[in-house]
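Chains as they are written, first to last, in our numbering: chain B, 1 to 478; chain C, 1001 to 1478. Cβ coordinates follow ideal geometry from the N, Cα and C atoms, glycine included.
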């Protein structure tokens, strides 16, 4: 196992492969999601679906292929996406009359259909979500985080007016924040993107941003208020109660399989994955130790515990393979299983088992009489503890006292000298694109978002020193 | 509403659009699955996933784009699929070195990866399923039943030997039969496909076949024993316990969104959809009738019933819109909602409501005191009743006394004369491809499958009159 601290990228790549989450494929930038990787996504899907449905959304499915002419209808949109599109040009032995793009996102196809589906205020709001594969043919790829094909959900809603559409935009951002924090134990800052980082075609883009263990940021979810831009491009009008024709106001919002990568980069350690119990494919592993094969009472007891945990819908595995206990401990630690239970002849005599949380240093002895309760308890505690640890890590690497570009450069240089991660900095910004661009050129720090609840308010622009309009998170980002 | 009996195709197309299940799109043969259509698929997915997981399968996700060279490795496979493939030839502004096909199925990509994942008998069996979009650029399309892009699940398993792989093939066919009969209330015949109807690259293909209301057949699911064909093409070998290298035996099996089309064509009637309760997006609709607006007690009572049904996880809607009751009745019948409940002032006085099952002729009065129980009961009864009705319909239109091609031709001519559907015929077949082909040319009746449990055994080939090797279902098919 490579060293997480010294070479984070290598650690990440090694870990996700050894832990059997993914594999590379011969198609550039496209990975295979193996069952342990895909199941993390399934748990995310379940939780998102629950919350989407509770807030009145329904799932649908739209064509993956999008005619070239559709993209051209919204000029920011085509400018933003055209450099990354793969194209179908032939099918069934014939050249197509019009090229078809593999969707990078579905605003255009959905805009085209909504213009037909929406006629009157009675048809509004339209609250639809889609789970789908999307394509962005990017130069630099990284498994889960940035792949040519990835899986995501994209919500597309239409509303009578700006207020309602903006409320929807915020509601969905908030659901993302809750799911990412509660399910993935990843603390995030919610806030607004600067204009240069906006979604191509949006009026306003909001994001949740998470800090990885190398201090870099991952944009973990975005929610866009699209105004009437796509409504105008695709002529989505409705008849108001007062019998006027008005453009609808639309939103879109998305989260993707990069969340799988994030959960690994936030919680993993030198031994491998550390998975929050709520998304771990295996939550508990039971391992017989000592001369257990000569002692059938061990497996009998473990079988009983296994069944009891199963009955409580806990995802449990019993590892009775021929490998040594030490091998098994390493294997299941690598896979990030939250709780390990060991039972050997001496433990059984004492009517106890040893329990170890994946992120704890020590095993603890637990009476067999309340082992199942202790496991349940530990799964809950660990879920909270991982969030707290990640929050503490983030606070430690969030810097709020850097006010100028020179200070930032010195901070970065010092970090390199001390083998520390530079982390994030909270700084003032005058609102000028050029100041933002200059910071990026000089430091590779980009604006992450303008947080709704910044830990401090900064008064001067980090680049030009003028009065700041916004307090912004700057960081290197995936 | 067009007439189901006189023009089944038009009835189908009209109904699925009016009932808001789908919409056409500007991309040839690609439809949009609207929420009410997609939700039927979600219920199918839930049930399939439950059964796949119970039998030890896990989900994964593989790249959608498949290099051209992969297809060429298995000659039957490329022959079968190449006429229908769409190709990506450019991406991000550059021409690709090798064309990439939009997957029609994933045996080749998965074969390539399994050759890497499988090393030893300890790695077997591999039991993986994928939910994905697939593409077959076919000339003639029909919403849900045959579309250029469709959604499906494809299972891909690898085993130590033929016995185990064949047992898997049968297990999955059986799961399909159970889900289609129990969830969709569609009776099917399970059996083996003839060689000419086999999956491209399979040793043996098995299917479940369902009869639509126009007498045509839909292949509702297939399960393939692939032998070592793909293992040889992609070099998937494992080390046996005895230290020998052997090819694995693989299977694949799939069901698709054509099941949505099937459920409509099996149960729908002149008034529109008739949805089996277990897959209906809305299972119960509550409708206030009479002068209910002047009588707030009506809505209070309906609200209470609504909440009680919700608490029991019944998918219920309360229609308090301004439309007339008659309009609402038609609307919800069109959408196939299984149970309708009406409550008006006079009903309330009598402490009763009127309940109507979608497929019943009459409303029944039910005491409000046990309305919820009656609804639950009716949902269960209707689920069973729809299956029985579909079975009775199928028996009525299954013909077992046609022994020669001339008799079949006469049967078809008589059907046309009497405005009846020709249905299916059970006939003997000598096993010769040419006999099968001749029947098809003369009658458009194709072999559906060789049923495991035919209602009779037929002794002579329908075409050549020689001894039959198999008793086969012949029918026109979608």
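Under a three-way DSSP split, which group does residue i fall into?
i                       : result
residue 318 of chain B  : strand
residue 64 of chain B   : coil
residue 1435 of chain C : helix
residue 354 of chain B  : strand
residue 1341 of chain C : strand
residue 1490 of chain C : The shown model of chain C, from 1001 to 1478, leaves out residue 1490 of chain C, and the question about it has no answer.
residue 212 of chain B  : coil
residue 279 of chain B  : helix
residue 238 of chain B  : strand
residue 1058 of chain C : strand
residue 52 of chain B   : helix
residue 1478 of chain C : coil
residue 163 of chain B  : helix
residue 401 of chain B  : coil
residue 1347 of chain C : helix
residue 269 of chain B  : strand
residue 195 of chain B  : helix
residue 447 of chain B  : strand
residue 42 of chain B   : helix
residue 1142 of chain C : strand
residue 1246 of chain C : strand
residue 1207 of chain C : strand
residue 359 of chain B  : coil
Please look up how many angstroms separate the CB atoms of residue i and residue j, rounded, as I've assumed it's under 8 Å.
i                       : j                       : result
residue 1130 of chain C : residue 1225 of chain C : About 19 Å separates the two Cβ atoms, so there is no contact after all.
residue 208 of chain B  : residue 173 of chain B  : 7 Å
residue 1065 of chain C : residue 23 of chain B   : With 8 Å as the limit, residue 1065 of chain C and residue 23 of chain B do not qualify as a contact, their Cβ atoms being about 15 Å apart.
residue 55 of chain B   : residue 158 of chain B  : With a Cβ gap of about 15 Å, residue 55 of chain B and residue 158 of chain B do not count as contacting.
residue 276 of chain B  : residue 383 of chain B  : 6 Å
residue 436 of chain B  : residue 222 of chain B  : Rounded, the Cβ-Cβ distance is 18 Å, inconsistent with contact.
residue 1138 of chain C : residue 1037 of chain C : Going by Cβ atoms, the distance from residue 1138 of chain C to residue 1037 of chain C rounds to 20 Å, so no, they are not a contact pair.
At what residues does the alpha helix (DSSP H) containing residue i begin and finish?
i                       : result
residue 1283 of chain C : Taken as a continuous stretch (DSSP letters only), residue 1283 of chain C belongs to no alpha helix (DSSP H), as it is neither H nor E.
residue 309 of chain B  : 296-311
residue 1023 of chain C : It is not in any alpha helix (DSSP H) - residue 1023 of chain C instead sits in the beta strand (DSSP E) that spans 1022-1024.
residue 327 of chain B  : 325-334
residue 251 of chain B  : From DSSP, residue 251 of chain B is part of no alpha helix (DSSP H) but of the beta strand (DSSP E) over 249-256.
residue 393 of chain B  : 371-396
residue 412 of chain B  : 405-417
Would you give the residue range spanned by the beta strand (DSSP E) that residue i belongs to?
i                       : result
residue 101 of chain B  : 94-102
residue 1367 of chain C : 1364-1367
residue 1007 of chain C : It is not in any beta strand (DSSP E) - residue 1007 of chain C carries neither H nor E in the DSSP assignment.
residue 218 of chain B  : 217-227
residue 1425 of chain C : 1424-1429
residue 189 of chain B  : 189-192
residue 1154 of chain C : 1149-1159
residue 471 of chain B  : 470-475
residue 1031 of chain C : 1031-1033
Please confirm whether any heavy atom of the ligand FMN lies closer than 7 Å to the CB of residue i.
i                      : result
residue 341 of chain B : With respect to the ligand FMN, the structure shown offers nothing to examine, as it has no ligands at all.
Query raised in the report: When Cβ atoms are compared, which residues of the stretch 21-48 of chain B fall closer than 9 Å to chain C?
Result: 23, 25, 26, 27, 28, 30, 31, 32, 33, 34, 35, 36, 37, 38, 39, 41, 42
**Report entry** Completely contained beta strand (DSSP E) runs for the stretch 1069-1137 of chain C, where each covers 3 or more residues
**Finding:** 1086-1091, 1094-1102, 1126-1135
Report task. May I ask you to list, following chain order, the residues of the stretch 133-148 of chain B that have a beta carbon less than 7 Å from some beta carbon of chain C? Result -> 133, 137
Requested in this report: Taking a Cβ distance cut-off of 7 Å, strictly less, list which residues of the stretch 1055-1083 of chain C are near chain B, in chain order.
Outcome: 1058, 1059, 1060, 1061, 1062, 1063, 1064, 1065, 1067, 1083
Report task. May I ask you to list, following chain order, the residues of the stretch 183-213 of chain B that have a beta carbon less than 9 Å from some beta carbon of chain C? Result -> none
**Report entry** chain C contacts made by the stretch 110-131 of chain B, where a contact means CB separation under 8 Å
**Finding:** 112, 113, 116, 117, 128
**Report entry** Residues of the stretch 86-99 of chain B whose Cβ lies closer than 7 Å to any Cβ of chain C, in chain order
**Finding:** 86, 87, 88, 89, 90, 91, 92, 93
Report task. Pull out every residue of the stretch 1354-1374 of chain C whose Cβ sits closer than 7 Å to any Cβ of chain B, in chain order. Result -> none
Requested in this report: Scan the stretch 1302-1323 of chain C for residues whose Cβ lies nearer than 9 Å to a Cβ of chain B and list them as they occur along the chain.
Outcome: 1321
Query raised in the report: Listed in chain order, which residues of the stretch 157-184 of chain B have Cβ atoms closer than 9 Å to some Cβ of chain C?
Result: none
Requested in this report: Note down, in chain order, all residues in the stretch 1386-1418 of chain C with a beta-carbon under 7 Å from any beta-carbon belonging to chain B.
Outcome: none
Query raised in the report: Going along the stretch 1245-1264 of chain C in order, which residues come within less than 9 Å of chain B, judged by CB to CB distance?
Result: 1257
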